[in-house]
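Taking it in order: structure first as structure tokens, then the write-up.
Below, the structure written as structure tokens:
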């Protein structure tokens with residue numbers, strides 16, 4: 059192995075710190091009081107986190123976001139993997155048209171579906187429910203397309219060997235395709251989770267009960283909290299923002315190795 063170039067390493071570290079500087083600054087602000095922040099002083103406190111979690115119900119918002127994003131990720135990846143396996147391994151009448159329609163959904167702005175989804179869920183009585191937050195998000199054309207391209211790169215000889223041993227299509231998918239596709243599935247799961255975690259418009263439209271608010275909706279409501287005339291309690295907002303990014307950061311650290319591997323292997327294939 060070639061020794062690492064210290065110049066390139068230093069540049070990478072410098073740009074990495076520059077990229078993360080807004081995050082560090084927001085965390086720094088979150089430990090100050092509103093008075094010290096606006097006065098330019100230094101008065102560190104943990105009260106902002108206590109207020110966000112307790113008085114402003116961010117513990118509940120965190121639970122809602124974890125539940126909704128987690129279920130959306132599991133269901134979306136499950137359905138996308140099944141669709142990708144069918145598109146990659148089977149030839150059937152209308153399959154190409156169906157796949158083209160799936161890819162075409164990527165060109166449709168998500169905001170166009172807001173009113174149809176709202177009316178559909180209203181007729182089904184699913185507004186102000188967890189199901190109303192989850193169901194519209196489990197269909198993901200990009201995930202099906204990405205996983206289909208990855209599965210196509212897996213040799214069909216592996217499938218045929220499993221079929222010769224008496225495996226069913228679902229067993230081939232679970233025991234052959236899924237283990238090999240784990241890097242791609244992990245990276246796509248993280249993408250779906252982050253997308254749903256940051257979703258703001260649909261939770262704002264679909265629910266009106268505070269007990270069902272997600273973190274993004276709750277975070278927006280904090281801008282109404284004024285420590286003074288015409289002022290925003292930025293330390294409190296930054297504390298809530300820090301709570302919001304921690305689960306995503308933890309998820310990235312857990313699957314970072316699979317994420318990089320999935321992207322690079324998918325590019326090579």
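Numbering (the working numbering), first residue to last: 59 to 327. Where a beta carbon is used, it is the ideal one built from N, C-alpha and C, also for glycine.
Enumerate in chain order the residues of its own chain whose CB-to-CB distance from residue i is below 7 Å, with the five nearest sequence positions on each side excluded.
i, result
"residue 231", "143"
"residue 199", "160, 161, 163 and 164"
"residue 267", "186"
"residue 175", "194"
"residue 262", "275"
"residue 256", "274"
Quick one: measure Cβ to Cβ for residue i and residue j, integer angstroms, because I've assumed they're closer than 8 Å.
i, j, result
"residue 135", "residue 246", "6 Å"
"residue 270", "residue 154", "Going by Cβ atoms, the distance from residue 270 to residue 154 rounds to 41 Å, so no, they are not a contact pair."
"residue 115", "residue 88", "Incorrect: roughly 18 Å between the Cβ atoms, too far for contact."
"residue 12", "residue 169", "Outside the displayed span of the chain (59 to 327) sits residue 12, for which this structure offers no information."
Less than 7 Å separating the beta-carbons of residue i and residue j?
i, j, result
"residue 254", "residue 132", "no"
"residue 84", "residue 251", "no"
"residue 91", "residue 101", "yes"
"residue 293", "residue 96", "no"
"residue 280", "residue 119", "no"
"residue 202", "residue 141", "yes"
"residue 208", "residue 239", "yes"
"residue 220", "residue 236", "no"
"residue 228", "residue 309", "no"
Answer with buried or exposed for residue i, where buried requires no fewer than 16 other C-beta atoms within 10 angstroms of its C-beta.
i, result
"residue 369", "Absent from the model: residue 369. The displayed extent of the chain is 59 to 327, so no value can be given."
"residue 139", "buried"
"residue 206", "buried"
"residue 59", "Here residue 59 scores only 42 on pLDDT, less than 50, and its place in the model should not be relied on; the value that follows carries that caveat. So residue 59 counts as exposed."
"residue 300", "buried"
"residue 77", "exposed"
"residue 195", "buried"
"residue 328", "This structure cannot settle anything about residue 328, because the visible part of the chain is limited to 59 through 327."
"residue 148", "exposed"
"residue 63", "exposed"
"residue 73", "exposed"
"residue 75", "exposed"
"residue 278", "exposed"
"residue 215", "exposed"
"residue 150", "exposed"
"residue 298", "buried"
"residue 223", "exposed"
"residue 242", "buried"
In chain order, what residues of the same chain lie with their CB nearer than 6 Å to the CB of residue i, ignoring the 5 residues before and after it?
i, result
"residue 190", "179, 184 and 264"
"residue 117", "111"
"residue 327", "Residue placement at residue 327 cannot be trusted, given a pLDDT of 47 that sits under 50; the coordinates are not used to answer."
"residue 70", "none"
"residue 103", "91"
"residue 204", "246"
Leaving out the 5 sequence neighbours to the left and right, which residues in its chain are closer than 8 Å to residue i when beta-carbon positions are compared?
i, result
"residue 328", "Nothing can be reported for residue 328: it is not among the residues displayed for the chain, which extend from 59 to 327."
"residue 193", "179 and 184"
"residue 289", "92 and 96"
"residue 171", "194"
"residue 182", "none"
- prompt: Counting only runs that start and end within the region 270 to 310, where is the alpha helix (DSSP H) found for 4 or more residues in a row?
  reply: 273 to 279
query: Counting only runs that start and end within the region 130 to 180, where is the alpha helix (DSSP H) found for 4 or more residues in a row?
result: 153 to 162
- request: Starting from the N-terminal side, write out each stretch of the alpha helix (DSSP H) that is 4 residues or longer and does not extend beyond the region 210 to 239.
  value: 214 to 222 and 227 to 230
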